[in-house]
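Have a look at the structure below before the remarks.
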């Protein structure tokens, strides 16, 4: 009898323990009804920088950009759940609560669904995740010039492009030493660490937990006169910790989303993410290769949303090349996200560098850069080396930053195409090296040629516009006309030939005013202001 009582009490204790288990969930709302915000007043929820970036690229503010309904958040908080971050793009909220409270939340009329994103209370540890790098022994050899030369970043800097005025966000796992090591001192002295936030610990301290971010940032922003030069060391930097060093759960994908939305809201131009996801501590959360289609994982969908809002997203391809997985990891699987593989100083593929194709057959990685023995600054301020696609990605992010500085009106798709087509094997890309090693010099000339490839006249016009192409043979172009509010008036796709070149665009029925004409082709897109008069 005593034994039975003990078993009953033990069973009750276990049941209570399970019921009281506190976990982390993402709660998705059904709508944004009764919002206190309006897309006609974006300054209420976006910075002027963000709005200006969208205007330059003719990107409209949509309902997806509106903040979540604050009343919904208040009601969830009233259940006793601990609330953390909201997501505009995913229309939801990260919470921490027990199962009993979760059932109450699920029953709320405005809740669409809930998803377990990490077990246990916030900040509880677990196994060490696979970080997107492979450490090497510290070396005193300075090879920063080599990694710049491979991408003609040295030429970029000689032309006066060091990232001045360009906003780069870095998503990573920690920046130990950055706030005290002298190679980063200029960033603080000149006020160019613009914003930091730790989405893992819900704090503003990002200078703990890991030195992975330190090494990645050094490739972009560290500087020691005559000794070490980051590729865009005069840019502005935004450091957002999204990766939890001690566990690997889907919450990190949502952390990435929170960071991407913050980056968008404050006007970031380029996101560098040396992170990739496929397997987790909880096998039920794992992704399969079938999910690597750029449209399935939370982080990939978010990365696509970031690109659609005018930010250039550069990410590491992954370090799975010599493992059973071998393929790129999310979000490197997204069309329009620049996935960067790794090569050696001799230009050969690194064994660990993830390969393509994506599951839906697209070529990946897009380009490659030095990721085997990349020169970095360590957390103690000394020069060393590290390897992984984590280190090749920020080099290409610097190239993107230089192009943003040189051509500030370029859309991410134009940047993406120009960088790919500057690669040394652009004529014969493959799923090992993508389009090869990109070049700032060649990308710049490609963009110039793209801009000069067509002529639009007369402007102003009263009736017809003529759109003339230098080489029209079998080119497929989409011509889109919008008003200044981003509302499309017409959109049509045409196959060009010498017979229909120049194209005639009928403007006679338009009211007088200013319009935006976008011509989209394989090179990217060209946007011109058109004036309609009587």
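Numbering (our numbering), first residue to last: 685 to 1218. For each residue, glycine too, the CB sits at the ideal point set by N, CA and C.
Per the DSSP calculation, residue i is bridged to which residue(s)?
i: residue 1214; result: 1199
i: residue 933; result: In the DSSP output, where bridge partners are listed per residue, residue 933 has none listed.
i: residue 1139; result: 1152
i: residue 938; result: None; residue 938 has no bridge partner.
i: residue 881; result: 924
i: residue 1023; result: 999
i: residue 1172; result: 1166
i: residue 900; result: Answer is none; residue 900 lacks a bridge partner.
i: residue 1068; result: 1060
i: residue 853; result: 922 and 955
i: residue 637; result: Absent from the model: residue 637. The displayed extent of the chain is 685 to 1218, so no value can be given.
Taking a contact to mean a Cβ-Cβ separation below 8 angstroms, would you say residue i touches residue j in this structure?
i: residue 1034; j: residue 1002; result: no
i: residue 767; j: residue 752; result: no
i: residue 998; j: residue 1027; result: no
i: residue 1161; j: residue 1077; result: no
i: residue 1145; j: residue 1216; result: yes
i: residue 906; j: residue 868; result: yes
i: residue 1125; j: residue 716; result: no
i: residue 773; j: residue 941; result: yes
i: residue 1085; j: residue 916; result: yes
i: residue 863; j: residue 974; result: no
i: residue 1099; j: residue 1140; result: no
i: residue 737; j: residue 745; result: no
In angstroms, rounded to a whole number, what distance separates the CA positions of residue i and residue j?
i: residue 1122; j: residue 760; result: 49 angstroms
i: residue 1186; j: residue 1138; result: 9 angstroms
i: residue 982; j: residue 934; result: 8 angstroms
i: residue 1108; j: residue 951; result: 32 angstroms
i: residue 870; j: residue 765; result: 42 angstroms
i: residue 991; j: residue 1179; result: 27 angstroms
i: residue 886; j: residue 1218; result: 58 angstroms
i: residue 826; j: residue 749; result: Unreliable positioning characterises residue 826 in this predicted model, as indicated by a pLDDT of 49, which lies under 50. A coordinate reading is not provided.
i: residue 938; j: residue 972; result: 19 angstroms
i: residue 1198; j: residue 1148; result: 15 angstroms
i: residue 855; j: residue 1081; result: 12 angstroms
i: residue 1204; j: residue 1152; result: 14 angstroms
i: residue 1065; j: residue 835; result: 25 angstroms
i: residue 993; j: residue 730; result: 12 angstroms
i: residue 1059; j: residue 958; result: 16 angstroms
i: residue 960; j: residue 1142; result: 49 angstroms
i: residue 914; j: residue 725; result: 39 angstroms
i: residue 707; j: residue 801; result: 8 angstroms
i: residue 1170; j: residue 743; result: 7 angstroms
i: residue 963; j: residue 1006; result: 16 angstroms
i: residue 1053; j: residue 1195; result: 50 angstroms
i: residue 1029; j: residue 1056; result: 7 angstroms
i: residue 723; j: residue 1000; result: 34 angstroms
Counting only the same chain and skipping the five closest in sequence on each side, list residues whose C-beta sits under 6 angstroms from that of residue i.
i: residue 884; result: 925 and 928
i: residue 920; result: 851, 876 and 878
i: residue 1222; result: Here the chain has residues from 685 to 1218 only, and residue 1222 is not among them.
i: residue 987; result: 997, 1015, 1018 and 1021
Less than 8 angstroms between C-beta atoms, sequence neighbours within five positions excluded: which residues of the same chain meet that for residue i?
i: residue 1093; result: 740, 741 and 1211
i: residue 818; result: Residue placement at residue 818 is poorly supported in this model, since its pLDDT is 42, which falls under 50; the coordinates are not used for a value here.
i: residue 787; result: none
Which same chain residues, not among the five before or five after residue i, have their C-beta less than 7 angstroms away from its C-beta?
i: residue 1004; result: 1010, 1011, 1013 and 1038
i: residue 711; result: 760, 776, 777, 779, 789, 795 and 798
i: residue 849; result: 1089
i: residue 1041; result: 1047, 1048 and 1115
i: residue 845; result: 1086, 1089 and 1090
Cβ contact check for the region 887 to 906 and the region 858 to 869: 3 or more pairs under 8 angstroms: yes
Decide if the region 931 to 949 is in contact with the region 898 to 906; the criterion is three or more beta carbon pairs, one per stretch, under 8 angstroms apart. no
Check whether the region 1127 to 1134 touches the region 1101 to 1118, counting contact only when three or more Cβ pairs, one atom from each stretch, lie closer than 8 angstroms. Enough Cβ pairs lie closer than 8 angstroms, so yes.
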